[in-house]
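**Student:** Below you'll find the structure I mean.
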Amino acid sequence: MVNTGSSGTRIGIARSILHYEFDGAIARFLEALGIDVVLSPPTNQEIFQAGKRVVIDELCFPIKIFVGHVAYLAERDVDRILVPVVVGHENNHVFPCHPRSRLADIVRALDVCDSKRLLAPAFRFDRDGLSAEGFRAIATELGASERACNEAREEVRRHIGDHPSSSEGAQDGPTLGLVGHPYVVDDPWANNHVIRRLERLGCRVVTNPETVQIGYAPEGTGLHFALAARTVTLARAFDRDPMIDGIVFLLPFNCGPDGDIARHLTETAAKPMLTLVLDELQSSAGMITRLEAFIDLLQRAPVAAGGRNA
Amino acid sequence: MNHFTFSWGTNHIAVRGLLRTLGHDLAVPPRISPAIAERGIACAHPFLCFSGKLVLGQLAAQLEDGERRLAFMSSLGPEACRCADTSDYLQSLFSDYGGFSAHRLGGGNFAGALVNLRSHFGPQVRRRQCFKAYAVFYGKVDLLYKVDKRCTRLRCLSSVPEQVRELEREALERVDRASGPFALWRVSRWFDRAAARLPLREEPPSLRIGIVGGEHILSELDSIMAVIKGMAERGILLDWRSGFRMLARSTEKTLAPLKDRCRQYLQEAPSTSEIFSCAHALDFVSEGYDGLLHIYAFGCMPQTALKPILQRIAKGAGVPLLSLSIGDRFAEEGLEGRLEAFIDLLDARKSQGVLT
Numbered sequence: 276m277v278n279t280g281s282s283g284t285r286i287g288i289a290r291s292i293l294h295y296e297f298d299g300a301i302a303r304f305l306e307a308l309g310i311d312v313v314l315s316p317p318t319n320q321e322i323f324q325a326g327k328r329v330v331i332d333e334l335c336f337p338i339k340i341f342v343g344h345v346a347y348l349a350e351r352d353v354d355r356i357l358v359p360v361v362v363g364h365e366n367n368h369v370f371p372c373h374p375r376s377r378l379a380d381i382v383r384a385l386d387v388c389d390s391k392r393l394l395a396p397a398f399r400f401d402r403d404g405l406s407a408e409g410f411r412a413i414a415t416e417l418g419a420s421e422r423a424c425n426e427a428r429e430e431v432r433r434h435i436g437d438h439p440s441s442s443e444g445a446q447d448g449p450t451l452g453l454v455g456h457p458y459v460v461d462d463p464w465a466n467n468h469v470i471r472r473l474e475r476l477g478c479r480v481v482t483n484p485e486t487v488q489i490g491y492a493p494e495g496t497g498l499h500f501a502l503a504a505r506t507v508t509l510a511r512a513f514d515r516d517p518m519i520d521g522i523v524f525l526l527p528f529n530c531g532p533d534g535d536i537a538r539h540l541t542e543t544a545a546k547p548m549l550t551l552v553l554d555e556l557q558s559s560a561g562m563i564t565r566l567e568a569f570i571d572l573l574q575r576a577p578v579a580a581g582g583r584n585a
Numbered sequence: 028m029n030h031f032t033f034s035w036g037t038n039h040i041a042v043r044g045l046l047r048t049l050g051h052d053l054a055v056p057p058r059i060s061p062a063i064a065e066r067g068i069a070c071a072h073p074f075l076c077f078s079g080k081l082v083l084g085q086l087a088a089q090l091e092d093g094e095r096r097l098a099f100m101s102s103l104g105p106e107a108c109r110c111a112d113t114s115d116y117l118q119s120l121f122s123d124y125g126g127f128s129a130h131r132l133g134g135g136n137f138a139g140a141l142v143n144l145r146s147h148f149g150p151q152v153r154r155r156q157c158f159k160a161y162a163v164f165y166g167k168v169d170l171l172y173k174v175d176k177r178c179t180r181l182r183c184l185s186s187v188p189e190q191v192r193e194l195e196r197e198a199l200e201r202v203d204r205a206s207g208p209f210a211l212w213r214v215s216r217w218f219d220r221a222a223a224r225l226p227l228r229e230e231p232p233s234l235r236i237g238i239v240g241g242e243h244i245l246s247e248l249d250s251i252m253a254v255i256k257g258m259a260e261r262g263i264l265l266d267w268r269s270g271f272r273m274l275a276r277s278t279e280k281t282l283a284p285l286k287d288r289c290r291q292y293l294q295e296a297p298s299t300s301e302i303f304s305c306a307h308a309l310d311f312v313s314e315g316y317d318g319l320l321h322i323y324a325f326g327c328m329p330q331t332a333l334k335p336i337l338q339r340i341a342k343g344a345g346v347p348l349l350s351l352s353i354g355d356r357f358a359e360e361g362l363e364g365r366l367e368a369f370i371d372l373l374d375a376r377k378s379q380g381v382l383t
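The listed protein sequences correspond, in order, to chains A and B. Each residue of the first sequence is one higher than the one before, starting from 276 at the first, in the numbering used here. Each residue of the second sequence is one higher than the one before, starting from 28 at the first, in the numbering used here.
Structure, rendered in structure tokens:
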């Protein structure tokens, strides 16, 4: 930590979309500045229901979860609630999807919390994640010096790549590559504990290939949306990786960008691919049955499926 | 060589004008109908927006008729929604049709447009040809918008709506035939004179409704917007300020005042679709319109994200808002029923002296 003295300001951060997407970078930055960060708890039914109550039906599943987290923080003893506005890639060709770039506006419009408590700095991003200007805006807003800001950003950079890339599953079962947006892959409630369920079925689950640095918003896919580009790049890397037997694609309900690429991925992947649509009505029994069927398929026909035993 | 495209209302006339300037032609896209919608739904992912499904339905129908060379107008700028990814997506979707190819026209600026035209038609396309093709394209875009707006207004104000429909039909044919900027100017003058000659009703419009929403849906004319615009003939003045023209014509300079107007509601807004709808809703409210109609395709990300913001604007101003999400289960009868209920509500508010 750069600044060990507490500033007395308590800032709430939703343990949801942007927190997972940028690997906790903003929380780490604030802590390095000496800010008391209050992270909302892992998603649960109560948090989701709080979001669902106020968010319009048509918005995607993760947005409802996100707003639930903000509603949770609004009821807690925090001075500000941080909801970054993610504008687009530095190259001005790749963008977040529209609802994700409008999170602060949606929170304001829904009156989830007093607008004055909302801290909504604008960020751009590049291949490595959030770029400097948003961090500077936060530091300025909180009265931190430029030096403290730079040191805190250095602290953030030190932790890039810390994220675990695979689970501790059985070594003799199939190895599966899990693709999807970080905020569904890393949120066990949102993905209905898919990693744990796969491990119980004897699988090892890989979320980031060790051999390839995917990064955030990889370029070269020609795609317009940052996370769709990441999903395609990740899926292709898993498809090439001889250690991966099959791919599980987590698709949140009503996600436009990933919906568009789902068919393309399924048709072009050489390895078996299971697409699981995640929504608020998810049934554990249904998911377990589908996972079991997929594992059976991998174990019975590895040669035809193009797995590592092919 | 013949090309085909999808149609946002009449925009294919402008695309055809561009292609004809370069010595090519464009097939007439099929009208939007339940069969076209079903065709699109069958080949699309369920999460694709309804506009996208209509587009795919039109393309699939034309591919089945033997068309293979798709030319479509799209940019890759920040205003683009997922349609910006259309080219690769379509290649993957229609790979079963041998010889199918998709070519993006347009671009962020003149140089980009020239590169796209050359990639499609070959390096022989000259700068001067490109300039003329786009002069015709933009001339037709502007004139088509003018005809649509003026005729919808006249359907409310004129005492002979059937003559308005006839005028609109003839105007579209003349715009389609016009081969250069001068010919377009002559069509524009003819249209202005013909429109001015139409007799008007004595009574003023009973209601004024401002329409905002997704550009694709606002530009559609065969089914959804045909029902919406049918309200005009009941003496209701309909106004909308967006559509294909706004997308084709928008620049950072024209967007700046709109962004400024939306600042309270849209922070750092990069997307024009949201800016148009938000700014125009604020305009309609400040101009004392009786109601707001928000119409968009189910699954349209910008408009869905905007919906709670429009609700906040309408609530703050005390203006009734009807949000119509048009999806796979869309039926014209259901749309008419909801519109009638909305009009009844607005009539009742107005007759009871509720200030709006």
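Don't be surprised by glycine CBs; every beta carbon is placed ideally from N, CA and C.
Please work out which residues of its chain come closer than 6 Å, Cβ to Cβ, to A/Arg433, disregarding the five sequence neighbours upstream and downstream, and give them in chain order.
**Tutor:** Contacts found: none.
**Student:** For chain B, check one thing: does any of its Cβ atoms lie closer than 8 Å to the Cβ of A/Arg377?
**Tutor:** Interface residue, yes.
**Student:** Is the beta carbon of A/Ala300 sitting closer than 8 Å to the one on A/His344?
**Tutor:** No; because the gap between Cβ atoms is not below 8 Å, this pair is not in contact.
**Student:** Helix, strand or coil for A/Val387, going by three-state DSSP, please let me know.
**Tutor:** Reduced to three states, the DSSP call for A/Val387 is coil.
**Student:** Give a yes or no on whether the C-beta atoms belonging to A/Arg399 and A/Val362 are separated by under 8 Å.
**Tutor:** In this structure, A/Val362 lies closer than 8 Å to A/Arg399 by Cβ.
**Student:** With H, G and I counted as helix, E and B as strand and the rest as coil, what does DSSP make of A/Ala302?
**Tutor:** Helix.
**Student:** B/Phe271: which of B/Pro208, B/Met100, B/Leu373, B/Ser352 sits nearest, CA to CA?
**Tutor:** Ranking B/Pro208, B/Met100, B/Leu373, B/Ser352 by Cα distance to B/Phe271 puts B/Met100 first.
**Student:** Quick one: which unbroken alpha helix (DSSP H) runs of 4-plus residues sit fully inside the stretch 254-286 of chain B? Chain order, please.
**Tutor:** Counting only runs of 4 or more, we get 271-276.
**Student:** If we call anything under 8 Å between Cβ atoms a contact, is A/Ser291 one with A/Ile340?
**Tutor:** Yes, they are a contact pair.
**Student:** Can you tell me whether A/Arg471 is helix, strand or coil according to DSSP?
**Tutor:** In this structure, A/Arg471 counts as helix in the three-state DSSP scheme.
**Student:** Is the beta carbon of A/Phe528 sitting closer than 8 Å to the one on A/Cys335?
**Tutor:** Closer than 8 Å, so yes.
**Student:** Determine, using beta carbons only, whether A/Met276 comes closer than 8 Å to chain B.
**Tutor:** Only weak support is given to the placement of A/Met276: the predicted model assigns it a pLDDT of 44, under 50, and the question is left unresolved by the model.
**Student:** Taking A/Val387 as the reference, give the member of A/Glu365, A/Ala349, A/Ile413 with the closest Cα.
**Tutor:** For the residues A/Glu365, A/Ala349, A/Ile413, the minimum Cα distance to A/Val387 belongs to A/Ala349.
**Student:** From this set, A/Ile356, A/Arg422, A/His373, which residue's C-alpha is nearest A/Ser390's C-alpha?
**Tutor:** Looking at the Cα atoms, A/Ile356 is the closest of the given residues.
**Student:** Have a look at B/Pro226, B/Ser250, B/Pro188, B/His72 and flag the residue whose alpha-carbon is nearest the alpha-carbon of B/Pro61.
**Tutor:** Among B/Pro226, B/Ser250, B/Pro188, B/His72, the Cα nearest to that of B/Pro61 belongs to B/Ser250.
**Student:** In three-state terms, what does DSSP make of A/Ser559?
**Tutor:** Note: A/Ser559 maps to helix in three-state DSSP.
**Student:** Using beta carbons (cut-off 8 Å, strictly below), is A/Asp535 in contact with chain B?
**Tutor:** It does: the Cβ of A/Asp535 has a partner Cβ on chain B nearer than 8 Å.
**Student:** Pop quiz: B/Ile370 and B/Met258 are said to be a contact at Cβ under 8 Å. What is the actual Cβ separation, rounded to whole angstroms?
**Tutor:** That belief holds up - the Cβ atoms of B/Ile370 and B/Met258 are roughly 7 Å apart, short of 8 Å.
**Student:** Helix or strand or just coil, what does DSSP make of A/Thr482?
**Tutor:** Coil at A/Thr482, not helix or strand.
**Student:** Terminal residues of the continuous alpha helix (DSSP H) containing B/Leu225?
**Tutor:** First-last for B/Leu225: undefined, no H or E at that position.
**Student:** Using 8 Å as the Cβ pair cut-off and three pairs as the minimum, do the stretch 315-329 of chain B and the stretch 71-87 of chain B touch?
**Tutor:** Because the criterion of three Cβ pairs below 8 Å is met, the stretch 315-329 of chain B and the stretch 71-87 of chain B touch.
**Student:** Measure the alpha-carbon distance for B/Lys342 versus B/Ala296 and round it to whole angstroms.
**Tutor:** Approximately 22 Å between the Cα atoms of the pair.
**Student:** The alpha helix (DSSP H) with A/Arg433 in it runs from where to where?
**Tutor:** A/Arg433 -> alpha helix (DSSP H) spans 421-433.
**Student:** Does the beta-carbon of A/Glu625 have 16 or more other beta-carbons within 10 angstroms, so that it is buried, or is it exposed?
**Tutor:** With chain A represented from 276 up to 585, any question about residue 625 of chain A goes unanswered, as that position is not in the structure.
**Student:** On the DSSP bridge list, what partners appear for B/Tyr323?
**Tutor:** According to DSSP, which records beta bridges pairwise, B/Tyr323 is partnered with B/Ser352.
**Student:** Is the beta carbon of B/Glu363 less than 8 Å from the beta carbon of B/Val187?
**Tutor:** Against a cut-off of 8 Å, the Cβ pair of B/Val187 and B/Glu363 comes out as no contact.
**Student:** Run down chain B in chain order and give the residues with a C-beta less than 7 Å from the C-beta of A/Glu333.
**Tutor:** Simply Phe325, Thr331, Ser352.
**Student:** May I ask which residues mark the beginning and end of the alpha helix (DSSP H) holding A/Phe528?
**Tutor:** First-last for A/Phe528: undefined, no H or E at that position.
**Student:** Should B/Phe74 be flagged as near chain A, meaning a C-beta pair shorter than 8 Å?
**Tutor:** So yes, B/Phe74 belongs to the interface.
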